[in-house]
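Using the numbering used here, the letters of the sequence shown map in sequence onto residues 5 to 83.
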Amino acid sequence: MKTTAVRLYGKRDLRLETFELPPIKDDEILAKIYSDSLCMSSYKAAEQGPDHKRIPADVGENPIMLGHEFCGELLEVGV
Numbered sequence: 005m006k007t008t009a010v011r012l013y014g015k016r017d018l019r020l021e022t023f024e025l026p027p028i029k030d031d032e033i034l035a036k037i038y039s040d041s042l043c044m045s046s047y048k049a050a051e052q053g054p055d056h057k058r059i060p061a062d063v064g065e066n067p068i069m070l071g072h073e074f075c076g077e078l079l080e081v082g083v
């Protein structure tokens with residue numbers, strides 16, 4: 005399944021991309037997002053990149069999607 009999302013690659017390095025989603029893991033969900041808000045923790049993560057305590061050091065090679073305050077529909081739940 006393809007998706008379009010903003011992904012973080014490093015300090016102030018956010019990119020809008022379309023990419024293939026990997027299969028979800030046992031401890032993950034798949035959600036169709038209708039809206040998301042930019043909270044302070046997401047802002048700080050985007051500003052600090054890998055210097056932020058919750059951003060992996062290899063974010064440049066393995067970009068992440070920020071955001072956890074969203075409204076959406078659950079499509080799949082890991083086992």
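We put the beta carbon where it would ideally sit given N, CA and C, even for glycine.
The model shown is predicted, which means the values in this text are computed figures rather than measured ones.
Using the C-alpha atoms, what's the distance from residue j back to residue i?
i     : j     : result
Ala49 : Thr7  : 22 Å
Pro67 : Asp40 : 18 Å
Leu25 : Ala9  : 11 Å
Glu77 : Arg58 : 26 Å
Cys75 : Val81 : 16 Å
Since residue i sits in a beta bridge, which residues does DSSP pair it with?
i     : result
Arg19 : Arg11
Ser39 : Cys75
Are the Cβ atoms of residue i and residue j separated by less than 8 Å?
i     : j     : result
Leu34 : Leu70 : no
Gly53 : Lys29 : no
Starting from residue i, trace the alpha helix (DSSP H) both ways and give me its first and last residue.
i     : result
Ala49 : Met44 to Gln52
List the endpoints of the continuous beta strand (DSSP E) containing residue i.
i     : result
Leu78 : Phe74 to Val81
Measuring only from the beta carbon, is residue i closer than 7 Å to any heavy atom that is part of the ligand ADP?
i     : result
Pro26 : Absence of the ligand ADP is noted for the structure shown, with no ligands found whatsoever.
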